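Read the sequence shown against the working numbering and you will find it ends at 224, with the numbers running on by one and no gaps. Using N, Cα and C, we set each Cβ at its ideal position, and we do this for glycine too. Remember, predicted model here, so these are calculated numbers, not experimental data. Accompanying notes for the structure given below.
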Amino acid sequence: ELAIEQAVACQAMGLAVKQASKAYPPNVLGSLPDLLPWFEPIIASGSVLTKAPIRNQTLMMVLNGLQPTGVTTIAVDRNNLAASLGAAASVAPLLAVQSLDATNFVNLCTIISPVGKAPLGTPILRVRMTSADGQESETEVRHGSLVGIKLPVGQAGTLHLTPLHRFDVGMGGFGRGGTVKVVGGVLGVVIDARGRPLRLPAEPSRRRDLLNTWLVASSSGQN
């Protein structure tokens with residue numbers, strides 16, 4: 002029953018994005034007109050997302066439903082206040098800002114979603130993480146994978162992104178690398194290199210196994 006509920010949530014988000022995209026200004030769509038434009042942050046609200054038994058289920062619903070691109074932060078509106086704060090902002094903007102700075106919104110993770118074309122299994126991104134204490138780690142990401150990188154909650158870090166095969170990682174265009182400052186979330190940093198748009202196997206058992214593999218992989222950066 003839980004799996005069905007979460008699958009329906011993914012489908013609902015996908016349909017909502019498709020409908021909303023008709024109203025996007027042309028300059029927002031950029032070089033990826035069929036995909037979700039870059040948003041920062043993405044706030045997950047609603048009980049099916051905020052009350053999922055484990056946090057990586059929330060993450061996978063957002064990733065599978067919205068299929069974000071580039072680099073963005075995903076936060077969880079644990080008390081479902083986003084709609085109320087939006088309505089209150091015009092009357093008491095300071096209240097909205099103070100609520101955002103409080104514990105109402107949980108930093109789930111930073112997501113990096115490379116976009117491009119390459120055979121599955123091909124290395125498409127090299128990531129070097131430099132933590133606030135100067136420690137470094139390097140990760141090579143292959144097309145089709147979901148990779149978690151540990152970064153303690155609240156700790157600052159710097160990601161050095163080097164895309165391969167002209168993939169777009171949100172640094173200004175295809176093949177462009179760069180650095181981005183991040184803050185550790187509950188699930189650390191997650192690189193979603195499964196491709197855009199997502200393509201699932203037609204055969205049910207293969208599809209089920211792949212979804213379970215992704216769910217496990219999404220928690221590999223968990224703190």
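Worksheet entry | Contact set for residue 108: own chain, Cβ-Cβ below 6 Å, skip 5 residues either direction | Counting from one through the sequence shown, the residue named residue 108 turns up at place 107. So the list reads 76 and 186, once near-sequence residues are dropped.
Worksheet item: What's the C-alpha gap between residue 111 and residue 197?
Response: As a position in the sequence shown, residue 111 is number 110, starting the count at 1. As a position in the sequence shown, residue 197 is number 196, starting the count at 1. Using only the alpha carbons, I get a separation of about 18 Å.
Discussion item. Using CA atoms only, rank isn't needed, just tell me which of 195, 49, 58 and 61 is closest to residue 81.
Written reply: Working through the sequence shown from its first residue, we reach residue 81 at position 80. Per the C-alpha coordinates, the member of 195, 49, 58 and 61 positioned closest to residue 81 is 49.
Discussion item. Counting beta carbon pairs with one atom in the stretch 163 to 176 and one in the stretch 123 to 133, are three or more of them shorter than 8 Å?
Written reply: Segments in contact, yes.
Worksheet entry | Pair within 7 Å by beta-carbon distance, residue 42 and residue 114 | Taking the sequence shown and counting its residues from 1, one reaches residue 42 at position 41. Taking the sequence shown and counting its residues from 1, one reaches residue 114 at position 113. In this structure, residue 42 keeps its C-beta atom at 7 Å or more from the C-beta atom of residue 114.
Item to complete: Reducing DSSP to helix, strand and coil, say where residue 55 ends up.
Response: Within the sequence shown, the letter at position 54 stands for residue 55. Reduced to three states, the DSSP call for residue 55 is coil.
Fill in: Nearest-angstrom Cα separation, counted from residue 219 out to residue 212
Numbered from its first residue, the sequence shown carries residue 212 at position 211. Numbered from its first residue, the sequence shown carries residue 219 at position 218. Whole-angstrom Cα-Cα distance: 11 Å.
Practice prompt. Would you check if the distance between the CB atom of residue 66 and the CB atom of residue 149 is smaller than 7 Å?
Written response: Translated into the one-based positions of the sequence shown, residue 66 becomes position 65. Translated into the one-based positions of the sequence shown, residue 149 becomes position 148. No, Cβ-Cβ distance for residue 66 and residue 149 is not below 7 Å.
Discussion item. On a Cα-Cα basis, can you pick out the residue from 47, 84, 22 and 62 that is closest to residue 193?
Written reply: For the purposes of this step, residue 193 is identified with residue 192 of the sequence shown, where counting begins at 1. The candidate whose alpha carbon is nearest that of residue 193 is 62.
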